[in-house]
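Worksheet for the structure shown next.
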Amino acid sequence: MRIDTILFKEVVILPELFLGFCLVFLILHCCFLSVKKKYLLIHNSIVYLSILVLFFLCILVLNDSLKVLQLSYFNDTIIHDYISFSSKLTVGSLALFSLLIMHSYIKSQKINQFEYILLILFAVLGLFLLCSSNDLLTAYLAIELQSLSFYVLAAFKKNSTYSVDAGIKYFILGAFSSSLFLFGSSLLYGVAGTINFEEFKDLLIDVNSIETSFLNTSLIKIGLIFILISLLFKLALAPFHTWAPDVYEGSPSASTFFFAVVPKLAIFILLLRIYYFSFYDFFESWRYLVVISILLSVIVGSFGGLEQRKLKSLLVYSSISHMGYALIAFSAGTFESIQMLFCYLIVYSFSGLCVWSIFLLTPLKTNYLQKQNKDLTDLVLLSKSNYVLAIFFTTVLFSIAGFPPMIGFLVKISVFLTAIESSMYFVAVLSILCSVIGTFYYIRLIKILYFEKVLVGKLYYPITTQSSILISFLFFLFIFLFINPTSLYLFAHKFSLLFLFSSI
Amino acid sequence: MLYIKNILSYVFVLPLIGALILSFVPAQNKSLLKAVALNCSCLTFILSLSLWVFFNKSIGTFQFVEKFFWIPILNINFPMGVDGISLFFILLTTLLIPICLLASWDSIHFDLKKYLLSFLIMEFFLIGVFCVLDLFLFYIFFESVLIPMFLIIGIWGSRERKIRASYFFFLYTLLGSVLMLLSILYIYYQAGTTDYEVLLTFSFSPLEQKILWFAFFASFATKVPMVPVHLWLPEAHVEAPTAGSVILAGVLLKLGTYGFIRFSFPLFPEACFYFTPFVYALSIVGIIYTSFTAIRQSDFKRIIAYTSVAHMNLVMIGLFSFNVIGLEGAILQSLSHGFVASALFLIIGVVYDRHHTRMVKYYGGLVHSMPLYVLIFLFFTMANIGLPGTSSFVGEFLILTGSFKANTTVTFLGATGMIIGGCYSLWLFNRVAYGNLKIQYIKSYLDINKREFLIFFPLILGTLIMGIYPKIFLDSMHFSINMLVEFMYF
Numbered sequence: 134m135r136i137d138t139i140l141f142k143e144v145v146i147l148p149e150l151f152l153g154f155c156l157v158f159l160i161l162h163c164c165f166l167s168v169k170k171k172y173l174l175i176h177n178s179i180v181y182l183s184i185l186v187l188f189f190l191c192i193l194v195l196n197d198s199l200k201v202l203q204l205s206y207f208n209d210t211i212i213h214d215y216i217s218f219s220s221k222l223t224v225g226s227l228a229l230f231s232l233l234i235m236h237s238y239i240k241s242q243k244i245n246q247f248e249y250i251l252l253i254l255f256a257v258l259g260l261f262l263l264c265s266s267n268d269l270l271t272a273y274l275a276i277e278l279q280s281l282s283f284y285v286l287a288a289f290k291k292n293s294t295y296s297v298d299a300g301i302k303y304f305i306l307g308a309f310s311s312s313l314f315l316f317g318s319s320l321l322y323g324v325a326g327t328i329n330f331e332e333f334k335d336l337l338i339d340v341n342s343i344e345t346s347f348l349n350t351s352l353i354k355i356g357l358i359f360i361l362i363s364l365l366f367k368l369a370l371a372p373f374h375t376w377a378p379d380v381y382e383g384s385p386s387a388s389t390f391f392f393a394v395v396p397k398l399a400i401f402i403l404l405l406r407i408y409y410f411s412f413y414d415f416f417e418s419w420r421y422l423v424v425i426s427i428l429l430s431v432i433v434g435s436f437g438g439l440e441q442r443k444l445k446s447l448l449v450y451s452s453i454s455h456m457g458y459a460l461i462a463f464s465a466g467t468f469e470s471i472q473m474l475f476c477y478l479i480v481y482s483f484s485g486l487c488v489w490s491i492f493l494l495t496p497l498k499t500n501y502l503q504k505q506n507k508d509l510t511d512l513v514l515l516s517k518s519n520y521v522l523a524i525f526f527t528t529v530l531f532s533i534a535g536f537p538p539m540i541g542f543l544v545k546i547s548v549f550l551t552a553i554e555s556s557m558y559f560v561a562v563l564s565i566l567c568s569v570i571g572t573f574y575y576i577r578l579i580k581i582l583y584f585e586k587v588l589v590g591k592l593y594y595p596i597t598t599q600s601s602i603l604i605s606f607l608f609f610l611f612i613f614l615f616i617n618p619t620s621l622y623l624f625a626h627k628f629s630l631l632f633l634f635s636s637i
Numbered sequence: 030m031l032y033i034k035n036i037l038s039y040v041f042v043l044p045l046i047g048a049l050i051l052s053f054v055p056a057q058n059k060s061l062l063k064a065v066a067l068n069c070s071c072l073t074f075i076l077s078l079s080l081w082v083f084f085n086k087s088i089g090t091f092q093f094v095e096k097f098f099w100i101p102i103l104n105i106n107f108p109m110g111v112d113g114i115s116l117f118f119i120l121l122t123t124l125l126i127p128i129c130l131l132a133s134w135d136s137i138h139f140d141l142k143k144y145l146l147s148f149l150i151m152e153f154f155l156i157g158v159f160c161v162l163d164l165f166l167f168y169i170f171f172e173s174v175l176i177p178m179f180l181i182i183g184i185w186g187s188r189e190r191k192i193r194a195s196y197f198f199f200l201y202t203l204l205g206s207v208l209m210l211l212s213i214l215y216i217y218y219q220a221g222t223t224d225y226e227v228l229l230t231f232s233f234s235p236l237e238q239k240i241l242w243f244a245f246f247a248s249f250a251t252k253v254p255m256v257p258v259h260l261w262l263p264e265a266h267v268e269a270p271t272a273g274s275v276i277l278a279g280v281l282l283k284l285g286t287y288g289f290i291r292f293s294f295p296l297f298p299e300a301c302f303y304f305t306p307f308v309y310a311l312s313i314v315g316i317i318y319t320s321f322t323a324i325r326q327s328d329f330k331r332i333i334a335y336t337s338v339a340h341m342n343l344v345m346i347g348l349f350s351f352n353v354i355g356l357e358g359a360i361l362q363s364l365s366h367g368f369v370a371s372a373l374f375l376i377i378g379v380v381y382d383r384h385h386t387r388m389v390k391y392y393g394g395l396v397h398s399m400p401l402y403v404l405i406f407l408f409f410t411m412a413n414i415g416l417p418g419t420s421s422f423v424g425e426f427l428i429l430t431g432s433f434k435a436n437t438t439v440t441f442l443g444a445t446g447m448i449i450g451g452c453y454s455l456w457l458f459n460r461v462a463y464g465n466l467k468i469q470y471i472k473s474y475l476d477i478n479k480r481e482f483l484i485f486f487p488l489i490l491g492t493l494i495m496g497i498y499p500k501i502f503l504d505s506m507h508f509s510i511n512m513l514v515e516f517m518y519f
């Protein structure tokens, strides 16, 4: 390739540069406008502008035709390869969709500060950098960028005690877990003398050989476990999940939506880069921890959701158990399992978009508009007032529950298949039984939607034309993915190309 | 121009096309909605009859075979075909759906569009279950049937207990079938494919067979239903609307027996022989226990529901006799049960539509006021007992003959079920049809109308034809069953 002849080879970082410049521009725009009297209208224009920014960002990512397998720049701190390309595309489009969905919620909740949207864009920038980070320190900085934005997003409702409480909790525990990450990184640096993923890989290509026997492998293992714990914290997996219900419930719904759906994929990419790309030879030493975490999260997720009365806390437990299933594919340790992991994560994210779109796009017709957390029983009149929306919700719920004719079933099966292929029979049996229990709370929602005869209930505002277009797009995407799942598997295959040539 | 070899795929997609058309009809236009759904399902039935016409009776392999690609990456495709076993189950499904739609012609007062949609989609799934030749897709269709049935019980059920009933239905069957799912994954991992015809060439070790058989059993036995997991059935039957009960008794219970014949027998023959005493024991307990339970019920539908359990357990005995006579009898009895039990549920539906109660004690002396109704009721009561000349007699006779070869004691105990069956059926008929009119409860009576007669007519016809001249049914399934039995002993 003629990469060397290109003078400014950092042109591949164009999406991130574009986002950064746009952020600067948007901040200036808002600062200048906010002193004027049009202040209250800013949030409207800023939402449209940032939707436009994210749209062009996705196009830029797509436009960047990848001619080589991988390419690292900025002194090997940032890497550009298939996995970062695909994950940036997914994260970008997820962020775009979530902004579209959030829009009406932000309007109805009167979140007039422009910072809200800017913080989301900052988080997207952090996620983009996280997807393409190639050493521990860059990864740490990227995680911090997105986490700091999330802390503020969680505490954004200044006059709500719950929101501030959620923000503080998220901040303290998030900072704690970040410090664990740093500690693990310092241990790894102390032993290996490098923080670069590729150098780690080259150094530890064969741990038991004589050349590398001088390395203190037990310290490496401890460091890896610290990093693992910190990342499991970020993913809200049991036993590190206890912050999640409080934080998810307290923070404004749009923020909850954003940090429940979008960042999971990027964090999984960091996990894969560290544990599969660099430290695959230590597979046995961290795998049992992951398996324990899987079992706990699947149990906590399916049993914890049974007694929830609020939609948001139900979704928290649902996300805990889903991350558990995704982690099954992560712990299987084969090439196919990575593919299935990404299939699962993509479908999880899109079904998350669908569920939260129902949550956010249907404002309740009540006097207290400030009520941000829907009770499950608030959905009682949905099927009477808008039954197309109710059918959409039912389809999505069956898909999330992993029920057969939906795409959620196919990806869940793929995950269990990887578990069986790597002889994790106990994990497969236990999690499949827990998934039956988890099904119960999804069908309880369907019961509330359809079966109950109530005359008194809360009505909704009719949804706007734009939102209905958005919802029907998501719905047809769901049906298309079931009819033609090959496209999903092929896209996920692109993710796993990186690991095809590595040590696996 | 219709190509004969593509009939099966036409039959398969026709309900879905009907559902698509239906979704564009405005929900207020109720007569058009009903017309579209009924015409579509009738067309499906006529087309599926042509399956039988063009069916080659002299070979036992799959016919009308077609193969579509679905997920080539994972080597999971969509082959479909019909043999002598699945042909009649498809016919039964396509016959019962128009009957169900006619049965609830006037009794659905709200959400009619969703109701018709769920029936058409259920027909699509059920035809899919019976014609697909891939284990994984079989599971998908097998489970998908739960969703429309869950909604039918939950939304259009009669009382407040319907929610509990739909939960029972959903979770029992789901819990049974996830074990089957795991074993399907194991089979896929071992064999690299889930294509049925390829799997037939694959043999599992005895231990694997036993574990896999048991996982499949957990799923199919819940559907049949066998004794410890039969609890969902009376609940679901009692709470479902009439048409829901008809399709539940008529087709959904057959999914279990069909699964045994299609998958458990040829894939795990050794485990089948190994577990035969276990199945016999459960079936005998099922027959005798549920027959006695049926005697002491006060709810009309619950009695018929328990007789369903007893009859389906008799079918299980026929299946596990592993000879041609027993298997043919089992399939014939399944079909006959599809006619008779459906008709009995429709008979309950007739009086329930008029008086809105299913308690037996409110009815009495109906013969004075509803003679035509009682005549039909008598006919199906006799068919339920197994009177010679009706389809049940042929089925039960073949089953008992087949199992006599395998195990005499089981035959003896199974035959006692028929005697108790005579008790509860006749007693129920006596209480409802004869005696004095209970004027204090029900003041006005109305005999069955033309629509209801037309519902019963095909069922009576089918029962009689199957009872008097069963050869036309047995001829078509003979070679397929012969092949299956030879395959098992091979």
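Sequence order for the protein chains is A and B. Heads up, the final residue of the first sequence is numbered 637 in the working numbering, and it's a clean run with no missing numbers. Heads up, the final residue of the second sequence is numbered 519 in the working numbering, and it's a clean run with no missing numbers. A virtual CB, placed ideally from N, CA and C, is assigned to each residue, including glycine.
Mind checking whether the beta-carbon of A:SER568 lies closer than 7 angstroms to any heavy atom of the ligand SAH? Only the bare structure without any ligand can be found here, which leaves the ligand SAH out of the picture.
Using a 10 Å radius around the Cβ and a threshold of 16 neighbouring Cβ atoms, would you call B:PHE231 buried or exposed? For the purposes of this step, residue 231 of chain B is taken as residue 202 along the second sequence, with counting starting at 1. Exposed, because fewer than 16 other Cβ atoms sit within 10 Å of the Cβ of B:PHE231.
Determine, for B:GLU299, whether the minimum Cβ-Cβ distance to residues of chain A falls below 8 angstroms. Indexing the second sequence from 1 puts residue 299 of chain B at position 270. Taking Cβ atoms only, chain A never reaches closer than 8 angstroms to B:GLU299, which makes this a no.
Could you have a look at A:MET134 and say whether DSSP puts it in helix, strand or coil? Taking the first residue of the first sequence as position 1, residue 134 of chain A is located at position 1. Bear in mind that the predicted position of A:MET134 carries a pLDDT of just 42, short of 50, making it unreliable; the figure below should be weighed with that in mind. Reduced to three states, the DSSP call for A:MET134 is coil.
Could you compute how far the alpha carbon of B:ILE276 sits from the alpha carbon of A:PHE255? As a position in the second sequence, residue 276 of chain B is number 247, starting the count at 1. As a position in the first sequence, residue 255 of chain A is number 122, starting the count at 1. Going from the Cα of B:ILE276 to the Cα of A:PHE255 covers about 56 angstroms.
Do you know offhand how far A:GLU417's Cα is from A:SER568's? Translated into the one-based positions of the first sequence, residue 417 of chain A becomes position 284. Translated into the one-based positions of the first sequence, residue 568 of chain A becomes position 435. Between A:GLU417 and A:SER568, the C-alpha separation is close to 27 angstroms.
Where does A:SER205 sit, in a helix, a strand or coil, going by DSSP? Indexing the first sequence from 1 puts residue 205 of chain A at position 72. Three-state DSSP puts A:SER205 in a strand.
Sorted by chain position, which residues of the same chain lie with C-beta nearer than 8 angstroms to A:SER636's C-beta, five sequence neighbours on each side aside? Your numbering for residue 636 of chain A matches position 503 in the first sequence. Bear in mind that a pLDDT of 47 at A:SER636, under 50, signals an unreliable position, so the number given afterwards is only what the model happens to contain. Contacts found: LYS334, ILE338, TYR413 and ASP414.
Which chain A residues sit within Cβ distance under 7 angstroms of B:PRO101? Working through the second sequence from its first residue, we reach residue 101 of chain B at position 72. Going along chain A in sequence order, the residues near B:PRO101 (Cβ under 7 angstroms) are THR619.
Would you identify the three-state DSSP class for B:GLU95, choosing helix, strand or coil? As a working mapping, residue 95 of chain B is identified with position 66 in the second sequence. Of the three classes helix, strand and coil, the one that applies to B:GLU95 here is strand, per DSSP.
Can you give me the start and stop residues for the beta strand (DSSP E) that B:ILE105 sits inside? As a working note, residue 105 of chain B is residue 76 in the second sequence. Where B:ILE105 is concerned, the enclosing beta strand (DSSP E) stretches over 105–111.
Establish whether the CB of B:ILE46 and some CB of chain A are separated by less than 8 angstroms. Position 17 of the second sequence, counting from 1, holds the residue named residue 46 of chain B. No, no contact with chain A.
In chain order, what residues of the same chain lie with their CB nearer than 6 angstroms to the CB of A:TYR564, ignoring the 5 residues before and after it? Walking along the first sequence from the start, residue 564 of chain A turns up at place 431. One detail in the question is off: residue 564 of chain A reads as Ser in this sequence, not Tyr. So the qualifying residues of the chain are VAL431.
Once DSSP output is grouped into helix, strand and coil, what is the label at A:MET539? Your numbering for residue 539 of chain A matches position 406 in the first sequence. Of the three classes helix, strand and coil, the one that applies to A:MET539 here is coil, per DSSP.
With a threshold of 8 angstroms, are at least 3 pairs of Cβ atoms found where one atom belongs to the stretch 150–160 of chain B and the other to the stretch 117–128 of chain B? yes
Between which two residues does the beta strand (DSSP E) containing A:HIS213 stretch? For this step, residue 213 of chain A is matched to residue 80 along the first sequence. Here the beta strand (DSSP E) through A:HIS213 covers 211–214.
Could you check whether the Cβ of A:PRO595 sits closer than 8 angstroms to any Cβ belonging to chain B? Counting from one through the first sequence, the residue named residue 595 of chain A turns up at place 462. Not one chain B Cβ lies under 8 angstroms of A:PRO595.
How many angstroms separate the CA atom of B:PRO177 from the CA atom of B:LYS143? On the second sequence, position 148 is the one that residue 177 of chain B refers to. On the second sequence, position 114 is the one that residue 143 of chain B refers to. The straight-line gap from Cα to Cα measures roughly 10 angstroms.
Closest by CA to B:LEU503, which one among B:VAL65, B:ILE75, B:TRP81 and B:LYS34? For the purposes of this step, residue 503 of chain B is identified with residue 474 of the second sequence, where counting begins at 1. Among B:VAL65, B:ILE75, B:TRP81 and B:LYS34, the Cα nearest to that of B:LEU503 is on B:TRP81.
Following the continuous alpha helix (DSSP H) through B:HIS384, name the residue where it begins and the one where it ends. In the second sequence, counting from the first residue as 1, residue 384 of chain B sits at position 355. Residues 353–384.
Judging by CA-CA distance, which residue of A:PHE158, A:LEU222, A:SER266 and A:SER167 is the nearest neighbour of A:LEU204? As a position in the first sequence, residue 204 of chain A is number 71, starting the count at 1. For A:LEU204, the nearest C-alpha among the options comes from A:SER266.
Supposed contact pair B:GLY89 and B:CYS69 - C-beta distance, whole angstroms, cut 8 angstroms: Counting from 1 along the second sequence, the entry for residue 69 of chain B is found at position 40. Counting from 1 along the second sequence, the entry for residue 89 of chain B is found at position 60. The Cβ separation is near 32 angstroms, so there is no contact.
Segment limits, alpha helix (DSSP H) that includes B:SER147: Position 118 of the second sequence, counted from the start, is the residue given in the question as residue 147 of chain B. 141–160 is the extent of the alpha helix (DSSP H) around B:SER147.
When DSSP labels each residue in this structure, what does A:HIS626 get in the three-state scheme? Translated into the one-based positions of the first sequence, residue 626 of chain A becomes position 493. Note: A:HIS626 maps to helix in three-state DSSP.
Give the DSSP bridge partners of B:MET388, in chain order. For this step, residue 388 of chain B is matched to residue 359 along the second sequence. Bridge partners of B:MET388: B:ASP328.
If I follow the unbroken alpha helix (DSSP H) through B:GLN219, where does it start and stop? Residue 219 of chain B sits at position 190 when you count from the first residue of the second sequence. Note, B:GLN219: alpha helix (DSSP H), 191–220.
Quick one: which chain A residues come within Cβ less than 7 angstroms of B:PHE199? By 1-based counting over the second sequence, the position of residue 199 of chain B is 170. Neighbours of B:PHE199 on chain A, chain order: ILE576.
Going by beta carbon distance, what residues of the same chain come within less than 7 angstroms of A:ALA377, once the five residues before and after it are set aside? Along the first sequence, one-based indexing puts residue 377 of chain A at 244. Answer for A:ALA377: ALA369, VAL449 and ILE453, listed in chain order.
So the candidates are B:MET255, B:SER473, B:PHE485 and B:PHE349; which of them puts its Cα closest to the Cα of B:ILE377? Taking the second sequence and counting its residues from 1, one reaches residue 377 of chain B at position 348. The shortest C-alpha separation from B:ILE377 is found at B:PHE485.
Please tell me whether B:GLU5 has its Cβ less than 8 angstroms away from any Cβ of chain A. This structure leaves residue 5 of chain B out entirely; chain B is present only between 30 and 519.
For A:LYS580 and chain B, any beta-carbon pair shorter than 8 angstroms? Position 447 of the first sequence, counted from the start, is the residue given in the question as residue 580 of chain A. Yes, A:LYS580 counts as interfacial toward chain B.
So, for B:LEU442: in the same chain, excluding its five sequence neighbours on each side, which residues have a beta-carbon less than 8 angstroms away from its beta-carbon? For the purposes of this step, residue 442 of chain B is identified with residue 413 of the second sequence, where counting begins at 1. If we look at B:LEU442 and ignore the five residues flanking it on each side, its Cβ neighbours are ILE313, ILE316 and ILE317.
Please list, in chain order, all residues of the same chain as B:MET130 whose beta carbon is under 8 angstroms from its beta carbon, the five residues on each side excluded. Looking up residue 130 of chain B in the second sequence gives position 101. The sequence given here has Leu at residue 130 of chain B, not Met. Here the set comprises LYS63, ALA66, LEU67, SER70, LEU145, PHE148 and ALA272.
When DSSP builds the beta bridges, which residues end up paired with B:GLY163? Your numbering for residue 163 of chain B matches position 134 in the second sequence. With the sequence shown as reference, residue 163 of chain B is identified as Asp, and Gly is not the correct amino acid for it. Looking at the DSSP assignment, B:ASP163 forms a beta bridge with B:ASP224.
Residues bridged to A:LYS397 (per DSSP): Position 264 of the first sequence, counted from the first residue, corresponds to residue 397 of chain A. Paired residue(s): none; A:LYS397 is not in a bridge.
For the alpha helix (DSSP H) holding A:PHE611, just list the boundary residues, first then last. Sequence index remark: in the first sequence, residue 611 of chain A carries index 478 (1-based). A:PHE611 -> alpha helix (DSSP H) spans 598–616.
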